[in-house]
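Input: a single structure, listed below in structure tokens.
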Amino acid sequence: MFGREWNFRVTLRTTPGECVGVVGNCHQLGNWNHQNGILLTKSIVNSSDGNEIWQGSTQLPVDQEVHFRYFTCIVLDHHLEEDNEGNGRVLIMRRWETNISPRIIRINSSQNDLIHIDVFGTYNGETRVDRGWLTKETVVQLKLYNDPIRMWKKSLHGKSFRVKVTPVDVDFPCSNSVSRDSGVDESWDVQDVRNAVKSWPLIEVAAMSNTDCEFQLQQQFGQLMDRGSYLIFQAQVTRPEAVTFLVDFYAHNSSGGDSPAEHIGFCYVLQNNMTQSEGSATVPITSPKHLAIGQLKVDYLIVRPMNGFDCDMSVSFARHWKHSWRGLEVGHRGAGSSFKEALKSCSSIRENTIASLAHAANHGADMIEFDVQLSKDMVPVIYHDFYVYTAMMRKLGKDAGGNGASEGPLDMLHLPIKELTLAQLQKLKIYHVKENSRVPKLADDDFDDHQPFPTLQRALEHLDPHVGFNIEIKWTMQLKDGSFELNNPFELNLYLDTILKPVLLYGGSRKIVFSCFHPDICTMLRMKQNKYPVMFLTQGITAKFDDYHDPRTHNIPTGVNFVLSIGILGLCVHSEDILRDPTQVALVQSRGLILFCWGEDNNDQATIRYLKNLGLNGIIYDKIDVHSAKETKESIFLVEARQEQKELIKIASSTSSSS
Numbered sequence: 001m002f003g004r005e006w007n008f009r010v011t012l013r014t015t016p017g018e019c020v021g022v023v024g025n026c027h028q029l030g031n032w033n034h035q036n037g038i039l040l041t042k043s044i045v046n047s048s049d050g051n052e053i054w055q056g057s058t059q060l061p062v063d064q065e066v067h068f069r070y071f072t073c074i075v076l077d078h079h080l081e082e083d084n085e086g087n088g089r090v091l092i093m094r095r096w097e098t099n100i101s102p103r104i105i106r107i108n109s110s111q112n113d114l115i116h117i118d119v120f121g122t123y124n125g126e127t128r129v130d131r132g133w134l135t136k137e138t139v140v141q142l143k144l145y146n147d148p149i150r151m152w153k154k155s156l157h158g159k160s161f162r163v164k165v166t167p168v169d170v171d172f173p174c175s176n177s178v179s180r181d182s183g184v185d186e187s188w189d190v191q192d193v194r195n196a197v198k199s200w201p202l203i204e205v206a207a208m209s210n211t212d213c214e215f216q217l218q219q220q221f222g223q224l225m226d227r228g229s230y231l232i233f234q235a236q237v238t239r240p241e242a243v244t245f246l247v248d249f250y251a252h253n254s255s256g257g258d259s260p261a262e263h264i265g266f267c268y269v270l271q272n273n274m275t276q277s278e279g280s281a282t283v284p285i286t287s288p289k290h291l292a293i294g295q296l297k298v299d300y301l302i303v304r305p306m307n308g309f310d311c312d313m314s315v316s317f318a319r320h321w322k323h324s325w326r327g328l329e330v331g332h333r334g335a336g337s338s339f340k341e342a343l344k345s346c347s348s349i350r351e352n353t354i355a356s357l358a359h360a361a362n363h364g365a366d367m368i369e370f371d372v373q374l375s376k377d378m379v380p381v382i383y384h385d386f387y388v389y390t391a392m393m394r395k396l397g398k399d400a401g402g403n404g405a406s407e408g409p410l411d412m413l414h415l416p417i418k419e420l421t422l423a424q425l426q427k428l429k430i431y432h433v434k435e436n437s438r439v440p441k442l443a444d445d446d447f448d449d450h451q452p453f454p455t456l457q458r459a460l461e462h463l464d465p466h467v468g469f470n471i472e473i474k475w476t477m478q479l480k481d482g483s484f485e486l487n488n489p490f491e492l493n494l495y496l497d498t499i500l501k502p503v504l505l506y507g508g509s510r511k512i513v514f515s516c517f518h519p520d521i522c523t524m525l526r527m528k529q530n531k532y533p534v535m536f537l538t539q540g541i542t543a544k545f546d547d548y549h550d551p552r553t554h555n556i557p558t559g560v561n562f563v564l565s566i567g568i569l570g571l572c573v574h575s576e577d578i579l580r581d582p583t584q585v586a587l588v589q590s591r592g593l594i595l596f597c598w599g600e601d602n603n604d605q606a607t608i609r610y611l612k613n614l615g616l617n618g619i620i621y622d623k624i625d626v627h628s629a630k631e632t633k634e635s636i637f638l639v640e641a642r643q644e645q646k647e648l649i650k651i652a653s654s655t656s657s658s659s
């Protein structure tokens with residue numbers, strides 16, 4: 001039933017090219033699909049603070065409680081792009097309101113003559129705005145770090161430069177001034193491309209520093225690239241195969257003043273330089289007089305929208321964390337690692353099995369942490385190491401009497417998980433890399449729930465929904481010496497889509513957090529979906545493990561800047577870092593981030609108690625059945641769900657008695 005005209009008004013500040021829209025839970029507001037939401041019109045600009053008022057109206061049902069959110073987007077010209085449903089417009093999400101509860105219009109309510117003006121992102125005493133996720137566009141990141149600019153010209157040695165990146169559509173380089181359907185093949189000039197004012201393709205830049213870590217539009221002469229800087233240029237495009245990147249270099253004027261920056265040279269990062277989802281390229285830098293003066297080494301990342309699942313705008317937990325969720329106890333690989341040098345420190349249940357995960361849940365774990373990777377046939381399985389051993393019987397030769405022998409000692413064949421199908425993993429006799437045929441058999445090893453390589457879907461469907469999941473995504477890391485932990489054959493976007501899909505389909509109401517040591521995986525997890533939070537795993541400063549190549553992994557302060565740049569929930573750090581310098585807890589939490597920790601140091605009741613007192617949000621440790629000091633062995637999420645149910649029953653009871 002429809003019968004009330006509703007006027008939407010909201011105040012905010014937009015960037016060039018942004019529009020404002022409304023999406024909600026009824027047909028008129030798109031049923032939480034932003035592509036079908038309504039767009040508002042900019043009516044007033046306040047010259048004093050730069051804020052704008054956007055407004056619009058539509059008919060809403062009177063017999064339904066209407067829930068809605070505001071968002072900002074870029075509307076692509078229907079001549080340039082057309083969505084798959086033929087709607088003639090494509091809305092690229094930029095920002096949206098992500099308060100857990102949406103705005104509400106009550107049943108039969110009507111507006112007063114004095115129309116209220118909403119504040120974008122702020123209501124119910126809370127402000128929460130997040131960046132959008134990928135729907136129809138692709139993100140290309142160009143990463144400059146480890147002093148990537150090499151100038152051969154002596155006069156340029158030791159100088160700092162400003163770097164600016166401009167996306168160029170190679171099919172239509174001046175697409176802002178020349179219509180794509182004009183049929184005119186006009187010549188174009190590089191300077192025209194530099195000077196064009198474009199809202200699309202959109203490009204932003206972030207520096208891994210305390211002041212410039214959040215993505216923002218580029219300045220006229222780009223971003224300063226000092227020695228030791230880490231810059232990420234991020235472009236949103238709809239046809240990445242048709243976009244090349246013009247990179248300009250300007251001499252940095254260290255003395256300040258109004259003198260214009262001197263253009264030193266430029267280079268192009270071409271489509272054929274970026275043949276995979278991630279990689280690196282080295283390209284020559286050319287002076288304005290077309291002389292080769294240096295080279296640029298650039299790492300790239302291509303993030304495509306998730307294939308086969310569409311997220312809506314009904315709710316997002318991407319940065320949601322209750323104040324009561326502090327000191328959470330997280331079972332490491334379920335009931336703990338079962339393959340350590342010291343047998344007394346090992347769990348008696350095989351790690352990363354359904355039995356191990358359930359054992360931790362039954363002994364009070366608030367969350368359970370486990371590792372996920374893909375089998376050869378693209379099935380997400382739970383297992384920590386990249387490699388396993390499989391037992392092979394060694395053939396013996398004939399003895400002196402000419403008699404043959406049927407078998408001999410076992411040979412152990414070392415294989416990567418990615419080379420074995422799920423059926424092979426589950427049927428072959430598989431050993432952990434620290435295990436062999438002679439180690440004592442783990443308890444109940446013949447039972448199904450104790451078998452290695454359970455699927456992610458099985459864990460989601462069979463374990464208590466009140467225990468949270470911390471799902472670590474396994475992916476090869478490049479070490480500081482240039483080597484890789486594993487040569488991975490999977491296409492990265494497909495790899496992550498395959499892992500994300502069962503979580504989005506079967507996650508239900510379970511509290512789920514993704515985590516990964518690879519910063520680019522964290523970026524992709526954030527961009528591909530809008531529902532679940534992501535945490536950046538870091539080993540920090542330690543002699544226990546080999547250092548990684550990417551500087552974003554080297555210490556907690558740099559990790560904080562990276563996390564802020566991509567807008568994820570927080571960090572999961574190595575406990576050694578915190579125990580050495582506890583002030584880093586305040587450093588992380590002062591920036592509004594959530595902090596977990598992991599490591600062997602956590603396997604001690606006194607240390608767990610100390611870390612809780614420091615204010616950490618979660619502590620990951622082994623043998624939760626031994627080390628947990630909880631009096632009631634229940635997840636905090638179960639306790640809260642029970643309390644919420646009691647309150648609902650109380651409200652229902654009081655309502656019925658009053659009527």
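Residue numbers (full-length UniProt numbering): 1 to 659.
Beta carbons are placed, not taken as given, at the ideal position from N, Cα and C, and that holds for glycine.
Please read these numbers as outputs of a predicted model, since none were measured by experiment.
{"Asked": "THR538 versus VAL573: straight-line alpha-carbon distance, rounded", "Found": "5 Å"}
{"Asked": "Cβ shell of GLN223 (< 7 Å), same chain only, five flanking positions each side left out", "Found": "ARG162, VAL163, VAL205, ALA207, LEU231"}
{"Asked": "Where PHE562 sits in the DSSP three-state scheme", "Found": "helix"}
{"Asked": "Nearest-angstrom beta carbon gap, ILE568 and PHE536 [assumed within contact, 8 Å]", "Found": "7 Å"}
{"Asked": "Selected residue, minimal CA-CA separation from ASN603, among ILE430, ASP625, VAL298", "Found": "ASP625"}
{"Asked": "Helix, strand or coil at ARG180 according to DSSP, with G and I counted as helix", "Found": "For ARG180, the predicted model reports a pLDDT of 37, less than 50, meaning its position is unreliable; a value from the coordinates is still stated below. ARG180: coil per DSSP, three-state reduction."}
{"Asked": "CA nearest to the CA of ARG4, picked from ASP63, THR11, GLY294", "Found": "ASP63"}
{"Asked": "Those residues which DSSP pairs with HIS332 across a bridge", "Found": "GLU369"}
{"Asked": "Contiguous beta strand (DSSP E) assignments of at least 3 residues, all confined to the stretch 205 to 240", "Found": "223 to 225, 231 to 237"}
{"Asked": "For GLN295, the residue or residues it bridges with in DSSP", "Found": "ARG150, PRO284"}
{"Asked": "Touching by the beta-carbon criterion (3+ pairs, under 8 Å), the stretch 353 to 360 and the stretch 636 to 656", "Found": "no"}
{"Asked": "For ASP77 and SER628, the rounded distance between their alpha carbons", "Found": "58 Å"}
{"Asked": "Where TYR383 sits in the DSSP three-state scheme", "Found": "coil"}
{"Asked": "Short Cβ contact (9 Å threshold) for GLY570 with ASN555", "Found": "no"}
{"Asked": "At least 3 beta-carbon pairs within less than 8 Å: the stretch 26 to 46 vs the stretch 301 to 321", "Found": "yes"}
{"Asked": "Pairwise C-alpha distance: VAL129 and TRP6", "Found": "23 Å"}
{"Asked": "Rounded separation between PRO416 and LEU422 - CA only", "Found": "13 Å"}
{"Asked": "Beta-bridge pairing of ALA251 - partner residues as DSSP gives them", "Found": "PHE161, GLU262"}
{"Asked": "Sequence-distant residues of the same chain with beta carbon closer than 7 Å to ILE53, five excluded per side", "Found": "ARG9, THR11, SER43, ILE44, ILE117"}
{"Asked": "Cβ shell of THR41 (< 8 Å), same chain only, five flanking positions each side left out", "Found": "TRP54, GLN55, GLY56"}
{"Asked": "DSSP bridge partner residues for CYS516 (one or two, in chain order)", "Found": "PHE536"}
{"Asked": "Check whether SER277 and LEU492 have beta carbons under 9 Å apart", "Found": "yes"}
{"Asked": "Those runs of the beta strand (DSSP E) which lie wholly inside the UniProt domain \"CBM20\" (1 to 125) and span at least 3 residues", "Found": "2 to 12, 18 to 24, 41 to 45, 52 to 61, 66 to 76, 90 to 97, 103 to 105"}
{"Asked": "Distance, ARG94 Cα to LYS303 Cα", "Found": "Reading off the sequence shown, one finds Val at residue 303, where the question assumed Lys. Straight-line Cα distance between these residues: approximately 16 Å."}
{"Asked": "Nearest neighbour of ASN307, chosen from SER324, THR498, ILE512, LEU505 [CA to CA]", "Found": "THR498"}
{"Asked": "Cβ pair count under 8 Å reaching 3, the stretch 133 to 143 against the stretch 207 to 220", "Found": "no"}
{"Asked": "Exposure label - ASP49; buried when at least 16 CB within 10 Å", "Found": "exposed"}
{"Asked": "Buried versus exposed call for ASN530 [16 or more other C-beta atoms within 10 Å across all chains shown]", "Found": "buried"}
{"Asked": "Endpoints, beta strand (DSSP E) assigned at ARG131", "Found": "129 to 131"}
{"Asked": "Residue interval of the alpha helix (DSSP H) (run including HIS574)", "Found": "Segment 570 to 574 is the beta strand (DSSP E) holding HIS574; no alpha helix (DSSP H) there."}
{"Asked": "Proximity winner among ASP550, VAL165, LEU463, relative to ASP481 (alpha-carbon distances)", "Found": "ASP550"}
{"Asked": "For PRO440, three-class secondary structure by DSSP", "Found": "Residue confidence for PRO440 is low, a pLDDT of 49 falling below 50, so the modelled location carries little weight and cannot support an answer."}
{"Asked": "N- and C-terminal bounds of the alpha helix (DSSP H) containing LEU486", "Found": "Run containing LEU486: none; DSSP gives neither H nor E here."}
{"Asked": "C-alpha gap between HIS450 and TYR70, whole angstroms", "Found": "48 Å"}
{"Asked": "The stretch 316 to 331 touching the stretch 144 to 159, judged by at least three CB pairs closer than 8 Å", "Found": "no"}
{"Asked": "Limits of the unbroken beta strand (DSSP E) element including TYR621", "Found": "618 to 621"}
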